[in-house]
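Counting in the UniProt record's numbering, the sequence shown runs from 1 upward without gaps.
Notes for the one structure printed next.
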Amino acid sequence: MSRIDIAELNDFLHGLRSSNAEAKTMMKKIKEAAMDYAQDNSLKGEAVSTSKRYFSSTYTSICQSIIEALDESEERLSQYIREFGSQVDSSPSARIDAEILQEAMAKVSQLQRKEEDLHRQLTAPNTKPDMQQVYAVKSRSVHTQLLKAIEQENILERYIAFEQSHGQFFSALDELIRATGRAVQELLHHVSFNDKTGTYSVPKSATNSLLLMKKALDNARKENNNDPFPNGFEDYTVLAFTYVNGQGETVTMWLLEKDGKRVENKELQDFLDKHGQELPGISYTELSGEELERRVNDSWKDGVNYLTGQKVSGFSGGVLSSSAYVASMKDWLDDAGLTDMALGLGFGIAAARNKVVIPEKPPITVSKNYSQIRTYWKNEVVFKGTKVYQKDNIIDINKVDVKGRTNLQRMEKGLAPLGADGNPINLHHMTQREISSIAEVEQSFHQINSKTIHINPNTIPTGIDRKAFNKWRSDYWKERAKEFK
1 MSRIDIAELN DFLHGLRSSN AEAKTMMKKI KEAAMDYAQD NSLKGEAVST
51 SKRYFSSTYT SICQSIIEAL DESEERLSQY IREFGSQVDS SPSARIDAEI
101 LQEAMAKVSQ LQRKEEDLHR QLTAPNTKPD MQQVYAVKSR SVHTQLLKAI
151 EQENILERYI AFEQSHGQFF SALDELIRAT GRAVQELLHH VSFNDKTGTY
201 SVPKSATNSL LLMKKALDNA RKENNNDPFP NGFEDYTVLA FTYVNGQGET
251 VTMWLLEKDG KRVENKELQD FLDKHGQELP GISYTELSGE ELERRVNDSW
301 KDGVNYLTGQ KVSGFSGGVL SSSAYVASMK DWLDDAGLTD MALGLGFGIA
351 AARNKVVIPE KPPITVSKNY SQIRTYWKNE VVFKGTKVYQ KDNIIDINKV
401 DVKGRTNLQR MEKGLAPLGA DGNPINLHHM TQREISSIAE VEQSFHQINS
451 KTIHINPNTI PTGIDRKAFN KWRSDYWKER AKEFK
């Protein structure tokens, strides 16, 4: 093969699975019909018995062979694509043309000589300053071309090695398909039924074809067992979420989806936990924190904890399901007084990254005396018509999140800065009403003093327009960032 396009191969694999599914359904029906006929005791007679034995011994084995050949075709092509990704190029859109790569390879020595000539001209004692600048620009350009040519040379070398090691990759599948085809043709053209004696005449060639088909099937099964990937690997969408844990280690959480839904598969999960880092990039999709959070929030619509795949039933399930339609699930849980319950059950993105442990310390006393509250929040501003009580000492602008963004960078993007507890700082409605003033509070403060600062027991609707508030909150943090510059 002088050319290969992984995107085309993946499209072909998708079409192959679709057509194979139809063929396997048909083969299973034929096999079931043959078995039903063989087990039908309402039909009697020597001819019928002979016919039953014939169909039972031939049709069932041929149908099974065809079904396994179809399965094997999918497995082998999937394995071929995976190994290409790990050994040659992991890009999902990788395209290789050996002839073009060979042309690039031939340019390597030419570019090396050109770079050396430019370097000599650049460093020559009689080279004028203005020409030195010209040679420097040309040298950088040639060096860039050289690096690209060397990379293409490396790809070609990897591709040639891959081709050599996979020359017989489909041979077992090819032999199984051929052997099955020969067996079918033998039965169609050389087996005859004698209506006088009620017997089938099966020539030796047909018997040998069936034996060769069985041998090819056993060989294909043996080859398939060499694939280190668990069976059905391609039936799942594999997602990877990489983050930094509490020990400062970069780790990956592996998640499985099927038909767009979060699912569990213990065998595959164990495989990913052990060997996930060895997989080529083409085998999985990287998730950002925002993408994972969206999936978590969407999953609550079905009352499912996305991170565990478990269904949440009863009261908590109903609460979480309804909260999925609120713009910010976290804010809804805060306002409903369910934050502690949610964290206790392991819900939320924070639970995926680390279990947040709030240090043991005496609860902060929040007095209902207004003057005392004003000593806790030193600053007071009005932003877009809403009074905000600010507390500068809970914002460390140099604190960095798991994506490497400082609190200042987070605020500039409209995101809440992280508090000392590692969680986004809350903007709390003081009276839990649309028209109330707002205060900056750490999440740990918000949780520990939940009963005190949530004066509305939720028997009265808050009237807060969450969509509008989310926009206001984003604008507020962007404006707040300017105070730290």
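The beta-carbon is built from N, C-alpha and C at its ideal position, and this holds for glycine as well.
Given the structure is predicted, the values throughout are model-derived calculations rather than measurements.
Within 10 angstroms of the Cβ of MET213, are there 16 or more other Cβ atoms? Answer buried if so, exposed if not.
Counting Cβ neighbours within 10 Å, MET213 comes out buried, since at least 16 surround it.
Is the beta carbon of LEU239 sitting closer than 8 Å to the one on TYR306?
No; because the gap between Cβ atoms is not below 8 Å, this pair is not in contact.
Under the three-state reduction of DSSP, which class applies to ASN379: helix, strand or coil?
Of the three classes helix, strand and coil, the one that applies to ASN379 here is strand, per DSSP.
Secondary structure at ILE4, three-state DSSP: helix, strand or coil?
Strand, per DSSP.
Do ALA439 and TYR389 have their beta-carbon atoms positioned less than 8 Å apart in this structure?
It is a contact, given that the beta carbons lie within the stated cut-off.
N- and C-terminal bounds of the beta strand (DSSP E) containing ARG410
From DSSP, ARG410 is part of no beta strand (DSSP E) but of the alpha helix (DSSP H) over 407-412.
So, at 6 Å on beta carbons, what are the nonlocal neighbours of SER56 in its own chain, with the 5 sequence-adjacent residues on each side left out?
So the list reads ALA38, once near-sequence residues are dropped.
Hey, could you find the ends of the beta strand (DSSP E) TRP472 is sitting in?
Unbroken run through TRP472 is the alpha helix (DSSP H), 466-481; no beta strand (DSSP E).
Tell me residue 507's beta-bridge partners as DSSP assigns them.
In the structure as shown, the chain begins at 1 and stops at 485. Residue 507 is therefore absent and cannot be evaluated.
Distance CB(ASP425)-CB(VAL402) smaller than 8 Å:
At residue 425 the sequence reads Ile, which differs from the Asp that was named. No.
Inspect the beta-carbon positions of LEU217 and LEU176 and report whether they are closer than 8 Å.
The answer is yes: Cβ separation under 8 Å.
In DSSP terms, what THR250 is bridged to:
Answer is VAL244.
For PHE469, count neighbouring Cβ atoms within 10 angstroms of its own Cβ and tell me buried if that reaches 16, exposed if not.
Its Cβ being crowded by 16 or more others within 10 Å, PHE469 is buried.
Rounded C-alpha distance that separates ALA161 from ARG3
Taking the straight line from one Cα to the other gives about 14 Å.
According to DSSP, which residues form a beta bridge with ARG95?
DSSP lists ASP5 as the bridge partner or partners of ARG95.
Alpha carbon to alpha carbon, how far is GLN277 from SER288?
Distance from the CA of GLN277 to the CA of SER288, rounded to the nearest whole angstrom, comes to 17 Å.
Under the three-state DSSP convention, the category GLU22 falls into:
Here GLU22 sits in helix by DSSP.
Neighbour-count burial assignment, MET27, 16 or more Cβ in a 10 Å radius
Classification of MET27: buried, given that the 10 Å Cβ count is 16 or more.
Excluding the 5 residues preceding and the 5 following THR60 in the sequence, name in chain order all residues of the same chain whose CB lies nearer than 7 Å to its CB.
These residues qualify, in order along the chain: LYS31, ALA34 and MET35.
Which residue marks the beginning of the alpha helix (DSSP H) containing ALA47, and which one marks its end?
Looking at the DSSP string, the run of the alpha helix (DSSP H) that includes ALA47 is 46-87.
C-beta contact flag for THR252 and THR237 at 8 Å:
Not closer than 8 Å, so no.
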